[in-house]
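Participant: Residue numbering for the sequence shown follows UniProt numbering, beginning at 1 and increasing consecutively. Note that beta-carbon positions come from the ideal geometry of N, C-alpha and C, so glycine has one too.
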Amino acid sequence: MTIQLTTGAPGARILGFGSYRPRRRVTNDELAQRMDTNDEWVQSRVGIAERRWAEPDETLVEMSVAAGGKALAASGLDAGEIDLVLLATTSPPKAIPGLAPRIAHQIGVPRPGAFDVNAGCAGWCYALSAAADAIRSGSARNVLVIGGERLTDYTNLDDRATAVIFADGAGAAVVGPADEPAIGPVVWGSDGDLHDAIAIPENETGMSMAGQAVYRWATTKLTETLVEAMRRAGVGPDDIDVFAPHQANLRIIELMAKRLKLPERTVIARDIVRSGNTSSASVPLALAALLESGEAKSGDVALLLGYGAGLTFAGQVVVLP
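In structure tokens:
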């Protein structure tokens, strides 16, 4: 399927996905041994049965390199054909230097443009849009877009409000040129009046989240973003084969799908059940899992949505590789 573009610019498409999930699985029952919670409480509120926490050797760089390398292999390109590498992350170990140049070097990409993107949990969708625009403008030919997180570095693992939610991992995609556009125009924005709803408070090291405020915002404000993304891409709900929003809360995902009136055949990404909330990594991890399992297939039309700290959001339609 061809996605409509509002300009005469050349198109872009996703060529392949890659993912990395940490080895350690942490169940709700395990968390119940260290805090006042239980499996029923967690699943009823956020829909998570287990999540992945990185071991010390599974650094943000190593996870991102693994996911990026798999995406590169899936794309059929060589490392030398990549000329831009973007890393979406909210959890770098330090502010300077950015990690994208180091990750590119370890993958074997020679002297690419490389930078980090921090747009909260919308980061990978922001980076995907930047990659597509770079290709359309002629600034890049092929772009590696990675979403990587080690959120456990910034989570109080004894805090029931956040430890049951956040997790680690990396997902990636290679984006290249296309005669027929397969990445639609992005609908992005922010509601900065709620910028501190998800934050690391001053003089603290762990994240805090105003869960009810974020839930109300996501369920009341973001459906219109998805509707506009479909309109700009020239598709409607009946054309959507896969719905892959940020994996923040299973209740939010299911409510959004209902409000959009997606057809029953639409595959809805529910990677959060086994992976938890992996912020910038959640959308590419979910898409990679659906393609690997066969639930989604090449040529499927997918509706994506990222949203999170800032509060930022980005929705768009893509055709899966």
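What's the C-alpha gap between T7 and A131?
Facilitator: Confidence is the limiting factor: at T7 the pLDDT is only 47, short of 50, which leaves the residue's position unreliable, though a coordinate-based value still follows. For T7 and A131, the distance between alpha carbons rounds to 17 Å.
Participant: Measure the CB-CB distance between E55 and P93 and report whether it falls below 8 Å.
Facilitator: no
Participant: Is A144 helix, strand or coil by DSSP?
Facilitator: Residue identity differs from the one stated: residue 144 is Leu in this sequence, not Ala. Strand.
Participant: Since I believe A170 is in contact with A281 (beta carbons under 8 Å), could you give me their beta-carbon distance rounded to a whole number of angstroms?
Facilitator: 5 Å
Participant: Let's test the definition: count the other Cβ atoms within 10 Å of the Cβ of K297 and tell me whether it reaches 16, buried, or not, exposed.
Facilitator: exposed
Participant: On the three-state DSSP scale, how would you describe V273?
Facilitator: helix
Participant: Assign D241 to buried or exposed, taking buried as 16 or more other Cβ atoms, counted over all protein chains shown, within 10 Å of its Cβ.
Facilitator: D241 counts as buried, since at least 16 other C-beta atoms from the protein chains shown sit within 10 angstroms of its C-beta.
Participant: Looking at C-beta atoms only, is the number of pairs between the region 241-259 and the region 193-206 that lie closer than 8 Å three or more?
Facilitator: no
Participant: Considering only DSSP beta bridges, list what Q316 is partnered with.
Facilitator: L304
Participant: From L144 to T59, what distance separates their C-alpha atoms?
Facilitator: 19 Å
Participant: Can you tell me the Cα-Cα spacing of A74 and G18, whole angstroms?
Facilitator: Their backbone Cα atoms lie some 7 Å apart in a straight line.
Participant: Going straight from the alpha carbon of I253 to that of Q316, what length do you get?
Facilitator: 16 Å
Participant: Note down the Cα distance separating A288 from G192, rounded to an integer number of angstroms.
Facilitator: Distance between A288 and G192, taken at the CA atoms: about 31 Å.
Participant: Using 8 Å as the Cβ pair cut-off and three pairs as the minimum, do the region 117-134 and the region 181-188 touch?
Facilitator: yes
Participant: Could you pull out every unbroken alpha helix (DSSP H) segment of at least 4 residues lying fully inside the region 144-181, listed in chain order?
Facilitator: 160-163
Participant: Exposed or buried, which one is I272 when buried takes at least 16 other CB atoms within 10 Å?
Facilitator: buried
Participant: The alpha helix (DSSP H) with R136 in it runs from where to where?
Facilitator: Note, R136: alpha helix (DSSP H), 123-137.
Participant: I need the boundaries of the alpha helix (DSSP H) containing T27, first residue and last residue.
Facilitator: Premise fails: T27 lies in the beta strand (DSSP E), 24-27, not in any alpha helix (DSSP H).
Participant: If distances are taken between C-alpha atoms only, which option among A309, A79, A49, R216 comes closest to M207?
Facilitator: A309
Participant: Helix, strand or coil, according to DSSP, for R265 in the structure here?
Facilitator: coil
Participant: Looking only at DSSP bridge pairs, what is E50 linked to?
Facilitator: Bridge partners of E50: T27.
Participant: Mind reading off the beta-carbon distance from S275 to I146? Whole number of angstroms is fine, and I expect it under 8 Å.
Facilitator: The pair is not a contact, with the Cβ atoms about 16 Å apart (cut-off 8 Å).
Participant: Check whether the Cβ of A182 sits closer than 7 Å to any heavy atom of the ligand HEM, and report yes or no.
Facilitator: Because no ligand of any kind appears in the structure shown, any question about the ligand HEM cannot be addressed here.
Participant: How would you call residue 349, buried or exposed, if buried means at least 16 neighbouring beta carbons within 10 angstroms?
Facilitator: Any question about residue 349 goes unanswered here, given that the chain covers just 1 to 321.
Participant: Does DSSP classify D116 as helix, strand or coil?
Facilitator: strand
Participant: So which of N277, S279, D239 has the shortest CA-CA distance to P263?
Facilitator: D239
Participant: Quick one: Cα of A173 to Cα of S137, how far?
Facilitator: Put simply, the backbone Cα of A173 is about 19 Å away from that of S137.
Participant: Does DSSP classify L99 as helix, strand or coil?
Facilitator: Here L99 carries a coil assignment [DSSP, helix/strand/coil].
Participant: Please name the residue, chosen from T220, L291, R270, A182, that lies closest to R232 on a Cα-to-Cα basis.
Facilitator: R232 has its Cα closest to that of A182, out of T220, L291, R270, A182.
Participant: With C-beta atoms as the reference, is T27 less than 8 Å away from S279?
Facilitator: no
Participant: Hey, how far is the Cα of L226 from the Cα of M256?
Facilitator: 9 Å
Participant: DSSP puts I198 in a beta bridge; with which residues?
Facilitator: M209
Participant: Start and end of the beta strand (DSSP E) containing A88?
Facilitator: According to the DSSP assignment, A88 belongs to the beta strand (DSSP E) that extends over 84-88.
Participant: Ordered along the chain, which non-local residues of its own chain (more than five positions away) have a Cβ less than 6 Å from that of T266?
Facilitator: I240, F243
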